[in-house]
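Peer 1: There's a structure below that I have some questions on.
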Amino acid sequence: MSWRDTTCGALRAADAGRRVTLAGWADTRRDHGGLVFVDLRDYSGLTQLVINPERAPEAAEIAHDIRNEFVLQAEGEVVLRAPDAVNPNLPTGEIELQVDTLRIVSRSEPLPFQVGEENVDENLRLRYRWLDLRGPRMQRNLRLRHTAIAGIRRAMDGLGFVDVWTPSMTKGTPEGARDFLVPVRLQPGRFFALAQSPQLFKQLTQIGGFYRYYQIATCWRDEDLRADRQFEFRQLDVEMSFAQREDVLDVLETAVVASFEALGREPPARPFPRLSWHEADARYGSDKPDLRFGLEIQDATEVTRGSEFGVFGGAEAVRFLVAPRAFSRAELARLEEVAKEWGAKGLAYLVTDESGEVRSPIAKFLSEAELAAFRSEPGTTVLFAAADGPTVSRVLGGLRTHLGRELELADPEQQAFLWILDFPLFERDPDTGRWTFVHHPFTGVHEGQEHLIEADPGACLSQAYDLVWNGWELGSGSIRIHDQEVQRAVFRSMGIGEEEARAKFGFLLDALQMGAPPHGGFALGIDRFVALLAGEPDIRQVIAFPKVASGSDPLTGAPTPMPETTLRDLGIRTIVPEDQA
Ligand code: ASP
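Take the sequence shown: its letter number 188 is residue 188 in my numbering, and every next letter is one higher.
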């Protein structure tokens with residue numbers, strides 16, 4: 001006997017008269033004295049079962065026992081519902097199953113929450129994730145995830161990319177995060193690092209002649225968990241040989257469009273818009289601006305040079321935003337707090353109220369020319385930042401994002417994809433003051449700037465690019481260094497000596513000496529991408545078994561202490577402070 005011959009979401013009016021067997025979960029049970037109604041659910045939908053004691057006395061007996069989430073098998077006849085019982089909100093709402101035989105296949109304890117219940121504490125949802133997965137939100141999200149990835153795989157396959165598996169257990173690669181370590185029983189005291197990305201291996205596939213590599217790769221990074229971060233996550237990892245930047249961008253746009261199409265959605269128009277990093281920083285104060293709204297930063301450094309208002313007069317950069325609202329004092333005080341979080345000392349402003357009158361504690365210090373430059377429409381507020389360039393960008397970028405959200409400036413119907421190009425190659429490490437990479441140390445420099453790598457690192461632009469969607473960074477990539485001399489120069493300018501470079505990346509330097517083709521690639525964060533496709537606020541909602549902010553898995557209770565004997569075999573002694581044990 002088979003468990004079922006159709007699914008719970010499949011039956012329609014045309015099926016009336018058929019005898020069918022269904023299996024699924026009891027979504028609800030309503031006992032109407034004699035008649036018992038059960039909504040039977042599986043992944044495809046619900047069918048209403050009617051158990052009538054006159055028609056099926058044995059089934060009716062069994063039906064009294066049914067509780068939510070029992071697994072049932074029901075056999076009977078599909079019948080049309082009476083006209084006043086038709087449920088137009090349900091695809092199966094025109095029919096019901098008059099049950100003849102009913103079987104309880106599996107029972108359920110009373111539930112910690114109801115399947116599909118909203119606003120359940122997330123720890124509880126994750127502790128009983130199997131119940132949570134049964135509900136409509138996770139069913140939808142994981143299926144959407146599957147469909148989007150399937151679309152991407154088909155596109156990559158069509159473009160001739162080969163899926164190559166690269167090791168999870170490897171040597172630390174510098175993607176800028178801490179490594180998770182794996183001890184090795186056969187070599188006590190030695191550790192593998194879990195791959196922060198397949199970066200070096202994918203480069204080696206190109207030196208190995210694979211021409212076009214891709215993988216939906218799992219990556220591990222020991223970072224604080226946030227809305228868009230998990231210890232382990234997946235990325236569409238791509239690498240291609242003899243490729244220019246345009247070739248890589250083209251492949252990624254194809255993959256993004258393919259996932260929209262797989263979901264039956266209108267894909268974003270191609271080519272995606274582009275901005276240089278410098279322009280994005282100047283106009284939006286961000287390397288991942290949300291372009292669904294304007295609110296661009298304007299420059300006032302020239303106008304305010306020598307200003308009587310000391311904060312402006314002495315600043316390296318003075319820039320402003322014109323917010324489309326005449327803010328109250330209380331609102332401005334809150335905005336000042338936001339500005340301070342981003343590094344501002346205070347927040348200077350000019351409010352132009354609805355009648356055109358200007359309210360501002362600084363107006364009396366400003367010259368006619370300055371006031372003319374800042375004149376704006378009634379019902380607006382000019383918000384200033386004056387400091388060094390990077391701080392001004394950060395503050396106004398932070399305010400812009402905040403205002404975009406608070407004033408709901410973004411058009412929710414719009415999909416703003418954007419490439420950010422021409423990042424700087426190096427930045428100063430705030431802790432050590434040394435030059436460090438902006439993306440990773442294998443990123444190529446702009447053609448013709450090779451001589452600047454050591455002479456003037458701060459002036460080098462990289463061949464890196466980021467993909468941004470509605471203000472979220474989806475991923476990044478670059479054309480790589482394929483010349484070992486250039487690679488050494490990059491290491492040197494970051495203070496990585498020959499010995500250290502050999503110890504860490506000797507295999508890459510060797511490979512670069514044995515016929516390395518020009519190559520480049522990209523990695524797109526699948527979890528973020530799918531969370532945005534699903535309209536979810538964080539990536540935990542699109543991952544089957546995620547961890548929570550403390551770094552634990554509420555379902556299994558991991559991570560857990562290990563027995564002394566196990567640790568001894570691995571050559572490990574723990575030195576956890578008692579209050580953390
Ligand atoms: N390996 C980089 C990352 O995981 C992406 C890349 O450059 O391809 O972020």
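By construction, the Cβ of each residue, glycine as well, lies at the ideal position given by its N, Cα and C atoms. Owing to the predicted nature of the structure, the values given are computational and were not obtained by experimental measurement.
Is it the case that the CB of F312 approaches a heavy atom of the ligand ASP more closely than 7 Å?
Peer 2: Numbered from 1 along the sequence shown, position 312 holds the residue referred to as residue 312. False, no ligand heavy atom lies under 7 Å from that Cβ.
Peer 1: Consult DSSP for I51 and reduce its assignment to one of helix, strand or coil.
Peer 2: Here the question's residue 51 lines up with position 51 in the sequence shown. The answer is strand: DSSP assigns I51 an E or B state.
Peer 1: Using the three-state DSSP reduction, which class does F231 fall into: helix, strand or coil?
Peer 2: Indexing the sequence shown from 1 puts residue 231 at position 231. F231 falls in the coil class under three-state DSSP.
Peer 1: Sort P88, S44 and R30 by Cα distance to A60 and report the nearest one.
Peer 2: Translated into positions along the sequence shown, residue 60 becomes position 60. For A60, the nearest C-alpha among the options comes from R30.
Peer 1: Could you check where the beta strand (DSSP E) with G525 kicks off and where it finishes?
Peer 2: Taking the first residue of the sequence shown as position 1, residue 525 is located at position 525. Run containing G525: H519 to G525, per the beta strand (DSSP E) assignment.
Peer 1: Are the beta-carbon atoms belonging to T28 and N89 less than 8 Å from one another?
Peer 2: By 1-based counting over the sequence shown, the position of residue 28 is 28. By 1-based counting over the sequence shown, the position of residue 89 is 89. Not closer than 8 Å, so no.
Peer 1: Measuring from the CB of S241, is there a heavy atom of the ligand ASP at a distance below 7 Å?
Peer 2: Working through the sequence shown from its first residue, we reach residue 241 at position 241. False, no ligand heavy atom lies under 7 Å from that Cβ.
Peer 1: Please name the residue in F192, D222, A56 and A300 whose C-alpha comes closest to that of A549.
Peer 2: For this step, residue 549 is matched to residue 549 along the sequence shown. The shortest Cα separation from A549 among F192, D222, A56 and A300 belongs to D222.
Peer 1: Answer with yes or no whether the minimum CB distance from R319 to chain E is below 8 Å.
Peer 2: The chain labelled as chain E is not found in the depicted structure, where only one protein chain is given.
Peer 1: Using the rule of at least 16 other Cβ atoms within 10 Å of the residue's Cβ for burial, across every protein chain shown, is L111 buried or exposed?
Peer 2: Taking the sequence shown and counting its residues from 1, the one referred to as residue 111 is at position 111. With fewer than 16 other Cβ atoms within 10 Å, it is exposed.
Peer 1: Just to check, is the beta-carbon of F522 closer than 7 Å to a non-hydrogen atom of the ligand ASP?
Peer 2: Here the question's residue 522 lines up with position 522 in the sequence shown. At least one heavy atom of the ligand ASP is nearer than 7 Å to the Cβ of F522, so yes.
Peer 1: Just confirm the distance between the C-beta atoms of G45 and T6, as a whole number of angstroms; I'd bet it's less than 8 Å.
Peer 2: The residue given as residue 45 occupies position 45 in the sequence shown. The residue given as residue 6 occupies position 6 in the sequence shown. About 11 Å separates the two Cβ atoms, so there is no contact after all.
Peer 1: Roughly how far, in whole angstroms, is the beta-carbon of Q114 from the beta-carbon of R55, given that I think they are within contact range, below 8 Å?
Peer 2: Translated into the one-based positions of the sequence shown, residue 114 becomes position 114. Translated into the one-based positions of the sequence shown, residue 55 becomes position 55. Not a contact, Cβ separation roughly 30 Å.
Peer 1: For the pair the stretch 197-207 and the stretch 516-532, tell me if three or more CB-CB distances fall below 8 Å.
Peer 2: yes
Peer 1: Shorter than 7 Å, the distance from the beta carbon of G477 to the closest heavy atom of the ligand ASP, or not?
Peer 2: Residue mapping note: residue 477 aligns to position 477 of the sequence shown, counting from 1. Flag set: Cβ of G477 near the ligand ASP.
Peer 1: If you draw a straight line from the alpha carbon of I216 to that of D237, how long is it in whole angstroms?
Peer 2: For the purposes of this step, residue 216 is identified with residue 216 of the sequence shown, where counting begins at 1. For the purposes of this step, residue 237 is identified with residue 237 of the sequence shown, where counting begins at 1. Distance between the alpha carbons of I216 and D237 is about 6 Å.
Peer 1: What's the call for W3, buried or exposed, on a 16-neighbour Cβ count within 10 Å?
Peer 2: Walking along the sequence shown from the start, residue 3 turns up at place 3. W3 comes out exposed.
Peer 1: If you follow the beta strand (DSSP E) that W220 is part of, which residue opens it and which one closes it?
Peer 2: To locate residue 220, count along the sequence shown from 1; it is residue 220. DSSP places W220 inside the beta strand (DSSP E), whose first and last residues are R212 to W220.
Peer 1: Rounded to whole angstroms, what's the CA-CA distance from D579 to R568? Just pull it up for me.
Peer 2: Reading the sequence shown from its first residue, position 579 is the one you call residue 579. Reading the sequence shown from its first residue, position 568 is the one you call residue 568. The straight-line gap from Cα to Cα measures roughly 23 Å.
Peer 1: Alpha carbons only, please: which of P561, W165 and S328 is nearest the one belonging to V576?
Peer 2: Sequence index remark: in the sequence shown, residue 576 carries index 576 (1-based). Residue P561 is the option with its Cα nearest to V576.
Peer 1: Does the distance from the C-beta atom of V486 to that of Q463 stay below 8 Å?
Peer 2: Your numbering for residue 486 matches position 486 in the sequence shown. Your numbering for residue 463 matches position 463 in the sequence shown. Cβ atoms of V486 and Q463: not closer than 8 Å.
Peer 1: For the ligand ASP, is there a heavy atom less than 7 Å away from the beta-carbon of H440?
Peer 2: The residue given as residue 440 occupies position 440 in the sequence shown. Flag set: Cβ of H440 near the ligand ASP.
Peer 1: Tell me which residues share the same chain as V231 and place their Cβ nearer than 8 Å to its Cβ, disregarding the 5 neighbours each side in the sequence.
Peer 2: What you label residue 231 is simply residue 231 of the sequence shown in a count that begins at 1. It should be pointed out that residue 231 corresponds to Phe in this sequence rather than to Val. Correct list, in chain order: F180, W220, R221, D222, E223, L225, K547 and G551.
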